[in-house]
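First up is the structure itself, then whatever we jot down about it.
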Amino acid sequence: MAEGLAEEEGDAGPVRRGVGARLCAAALGCLAAERERCALWLPVGAGVGVALYFGLPAEPPLWLGSGVAVGCLPLLWLARRRLAPVVLLLGLLSVALGFAAAQLHSVAAAAPMLTRELGPVQVTGRVLAVERQPTGTRLMIGEPTVERLAPEATPARVRLHLPAKVTPPEAGTVVRLRAMLHPPAAPAEPGAFDLQRRAYFEGFGAVGFVMGAPVAQEAPPPGGWRRATVAFERARAAIAERVRAVVTDSTEASVTAALLNGDAAAIPEPMMDAFRDSGLAHLLSISGLHVGIAAGIVFWVVRALLALVPWIALRWPIKKIAALAGILSAILYTLLVGAPLPTLRSVLMTGLVMGAVIADRSPISMRLVAFAGIVTVLYDPEGMLGPSFQMSFAAVVALIAAFERFTPWAVSRRRELGWLGKGVMALGGIAFSSVVATVATTPYGLYHFQQVAFYGVLSNMVAIPITTVWIMPFSLLSYLLLPFGLEGPAVTAMSWGVRLVIETAERTAALPGATAFLPAMPDAAIAAVTLGGLWLAIWTRRWRWLGLAAVVGGLVAPAFAPRPDILVSEDGRLMAVRGADGILSLSTASDGRVANTWRRRDGMEKPEEAAGQDVWPLAGVSMDGRLRCDALGCLYRAEGRTVALLRQPDALPEDCAVADAVVTATPSRGCRAPLVIDRWELRREGAHTLSLSDKGIRVESVRGQRGDRPWTMGGKLPDGRTGAR
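Written out as structure tokens, the structure is:
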């Protein structure tokens with residue numbers, strides 16, 4: 011028998027090696043056939059390097075990314091004649107470049123960050139930005155001096171909320187004010203949005219609110235580039251004021267102003283909800299759509315005007331002149347709306363499209379996206395983790411991939427159609443583009459917002475043509491007339507189109523089942539969707555369909571990713587437990603940031619409306635019997651485990667003797683329970699989650715998930731400096 015098994019193993023070995031060899035040969039054959047598309051993976055590699063950096067639990071040595079990149083160069087030279095090693099080394103090089111860019115960006119952004127509440131204190135600094143909101147105004151104060159805070163511990167910027175009744179100061183003004191300051195909020199639970207990281211890279215290390223009215227101080231005007239940014243900030247404020255003077259309806263005025271100056275903060279929250287639920291929220295964020303339309307309109311108008319003069323049209327390259335005008339208009343438009351990350355990507359792509367026109371090349375290509383992608387990732391690595399970057403690039407990559415595959419068919423069919431058929435095909439193209447963009451961005455909407463809009467295709471088919479043929483042309487006309495004070499009729503006409511878009515958003519959001527909330531998608535799931543989608547979009551041969559398996563796997567993963575049974579806030583004042591029906595209930599009624607984050611990540615429908623309806627009983631037993639409460643606290647029992655959730659420290663002696671875990675917002679004072687989460691543990695580790703099973707209790711914390719990084723409290727940079735203090 012042993013000899014027979016040996017013979018079977020000997021026979022099977024070559025078979026297995028043969029299958030592996032055939033698969034490897036097939037992969038190399040596909041790679042050789044698509045070698046021209048390999049370069050499109052370079053920005054993907056840079057993005058992987060950025061993701062690896064931000065996923066580390068501790069700060070790596072500063073030389074790591076750049077050292078690996080430099081080490082790849084001689085190896086590339088040695089392997090230059092062999093395809094597979096060159097592709098692998100180029101991939102490693104791009105990963106190393108992304109990793110190094112994230113490291114350098116992190117070091118460059120290092121600045122002090124508050125670790126405790128401070129105030130009321132006197133703050134003096136220059137107003138860098140003024141952002142109007144429905145409930146007041148948000149000020150960004152640069153280079154502040156803060157009472158009772160040493161200069162080396164003072165943040166480079168602070169972000170403060172000013173009450174609505176107080177007239178905000180003008181951008182560029184040096185002000186003195188009294189304020190309450192506190193650190194940027196840590197994630198509400200492990201894996202939730204990290205405002206501290208975003209604040210670290212945006213350069214503000216404290217947030218708070220103003221007490222009283224700011225007092226202007228005598229100071230010299232800003233110089234250098236700061237003067238230009240202040241001028242653009244004042245221009246944005248002036249545009250909003252001009253719009254409010256012309257458009258009487260406040261909601262309509264706020265949306266019109268947002269489309270002109272890129273500031274959507276003043277739009278009322280119910281209106282923002284309608285835009286989100288209808289799938290039209292992207293229209294309120296100045297992005298590729300707006301930049302592309304603006305540059306296209308300028309290109310068409312300049313070319314048409316030059317063509318009206320025969321002497322110029324016959325002697326000058328008017329198409330190339332119009333393309334140059336389109337590039338300049340895109341740059342000016344981006345500066346005017348504040349240069350958000352999606353707009354920078356759009357400017358890069360618009361410049362490349364217009365540059366292709368100037369160079370007599372095809373203006374639509376995946377290479378344009380690849381170039382814009384790698385520049386954007388290296389310019390702002392942390393921005394790659396946000397929804398704006400991910401959703402805008404997902405839409406553009408999907409649209410260009412669809413364009414590459416279906417344009418030849420559409421062109422051949424168009425030649426056979428009359429004017430009516432061409433019109434129908436144009437409408438079909440709008441619908442097809444809406445479907446492609448919606449499908450491509452939906453996973454990222456689920457990942458970041460736990461929300462999906464089911465009628466987004468329908469609403470976009472109505473709103474995008476209105477934006478393209480009505481709103482954007484009148485917005486450009488408004489820009490031209492603003493310096494002369496003659497913008498009134500153009501803004502009024504623009505607001506008519508805005509009104510139609512608002513009605514589209516409201517009517518779509520009111521449809522039955524317009525939106526749904528789903529549980530949070532794990533990081534690994536969105537990574538699988540991203541890489542699978544890129545595999546589908548970049549390759550052109552049949553092997554691209556392998557990416558579909560990764561996309562499907564990532565989309566179904568949330569259904570198999572369990573949510574925690576117990577959640578505890580950073581200060582321990584708010585807790586939540588999961589009932590037998592899978593629904594969370596909170597220890598106290600709350601509609602704050604932490605409670606709504608928990609609800610939203612749990613897939614709760616309209617989480618902000620649940621405040622007060624999902625609260626523990628003050629005393630007694632819950633309907634499912636899992637939770638038993640009295641005046642001192644609660645006992646939660648599930649999966650054969652008992653967790654004590656204390657309201658008062660007097661319950662410690664008894665609960666520590668019977669519970670598998672004890673959670674309290676006070677010091678534990680020698681509690682002997684197997685697991686204790688008290689005030690000091692919460693202060694050190696942040697918010698906690700507990701998952702109960704028959705194998706034990708799995709605990710996760712915000713600090714355990716984020717690690718010890720420059721943007722965490724007390725995190726260290728590679729050179730030994732403290733990133734956030």
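In my numbering, the protein residues as written are 11 to 735.
For glycine and all other residues, C-beta sits at the position ideal for the given N, C-alpha and C.
Taking only the alpha-carbon atoms, compute the straight-line gap between residue i and residue j and give it to the nearest angstrom.
i    : j    : result
G23  : R32  : Here G23 scores only 46 on pLDDT, less than 50, and its place in the model is too uncertain to base an answer on.
F309 : R611 : 44 Å
G630 : W690 : 30 Å
P475 : Y465 : 16 Å
L62  : D533 : 12 Å
L577 : A648 : 14 Å
P627 : T598 : 9 Å
V176 : A223 : 6 Å
P684 : G65  : 30 Å
L358 : L692 : 45 Å
R26  : L100 : Bear in mind that the predicted position of R26 carries a pLDDT of just 48, short of 50, making it too unreliable to give a figure here.
M123 : L662 : 35 Å
C48  : A255 : 54 Å
H192 : V625 : 28 Å
R573 : V709 : 12 Å
G201 : A503 : 45 Å
A291 : V406 : 17 Å
V117 : R167 : 17 Å
G428 : V434 : 10 Å
From this set, the options, which residue's C-alpha is nearest residue i's C-alpha?
i    : options                   : result
G152 : Q143, A163 and R169       : R169
V737 : L107, E141 and E251       : Nothing about residue 737 can be reported from this structure: the residues present for the chain run from 11 to 735 only.
G57  : L72, L159 and A111        : A111
D718 : V385, R207, S422 and M633 : R207
V653 : Y457, A160 and D665       : D665
G589 : G218, D575, G582 and P122 : D575
A36  : R552, Q400, L692 and S485 : R552
A420 : G439, L430 and S711       : G439
W506 : A263, A284, V367 and K330 : A263
E414 : M376, T261, L437 and V54  : M376
If contacts are defined as beta-carbon pairs under 8 Å, then residue i and residue j qualify, I think. What distance do you get, rounded to the angstrom?
i    : j    : result
S600 : A697 : Contact flag wrong, Cβ pair sits at about 14 Å.
V508 : T344 : About 21 Å; that fails the 8 Å criterion.
L645 : A669 : 7 Å
Q737 : G613 : What the structure shows of the chain is the stretch from 11 to 735, and residue 737 is not part of that stretch, so it cannot be assessed.
I707 : R651 : 6 Å
L486 : A304 : 6 Å
S479 : S488 : Reading the sequence as shown, one finds Val at residue 479 and not Ser. In fact, because the Cβ distance is near 16 Å, the residues do not count as touching under 8 Å.
P194 : V217 : 6 Å
L316 : A473 : At roughly 32 Å, the Cβ-Cβ gap does not stay under 8 Å, so L316 and A473 are not in contact.
With a threshold of 16 other CB atoms inside 10 Å of the CB of residue i, please say whether the residue is buried or exposed.
i    : result
C34  : exposed
P84  : exposed
M11  : Summary for M11: the model assigns pLDDT 38, below 50, so the residue's position carries little reliability; its value from the coordinates is reported in the next sentence. Under this definition M11 is an exposed residue.
P165 : buried
L490 : exposed
E243 : buried
D21  : Below a pLDDT of 50, predicted positions are generally treated as unreliable, and D21, at 46, falls in that range; no measurement from the model is reported.
F80  : Residue identity check: residue 80 is Val in the sequence provided, not Phe. That one is exposed.
R656 : Note that residue 656 is Leu in the sequence shown, not Arg. When all chains shown are included, L656 counts as buried.
R371 : exposed
R158 : exposed
D660 : exposed
R91  : exposed
E199 : buried
S469 : buried
D634 : exposed
L15  : Below a pLDDT of 50, predicted positions are generally treated as unreliable, and L15, at 37, falls in that range; no measurement from the model is reported.
Should residue i and residue j be called a contact, given that it needs their Cβ atoms to be closer than 8 Å?
i    : j    : result
T674 : D688 : yes
P179 : I307 : no
V462 : L528 : yes
A411 : A547 : yes
V561 : L584 : no
V185 : V225 : yes
H115 : P397 : no
A535 : G564 : yes
H171 : R148 : yes
A380 : L50  : yes
A189 : M150 : no
A340 : V311 : no
Is any heavy atom of the ligand NAP found at a distance shorter than 7 Å from the C-beta of residue i?
i    : result
G218 : This structure lacks the ligand NAP, and indeed carries no ligand of any kind.
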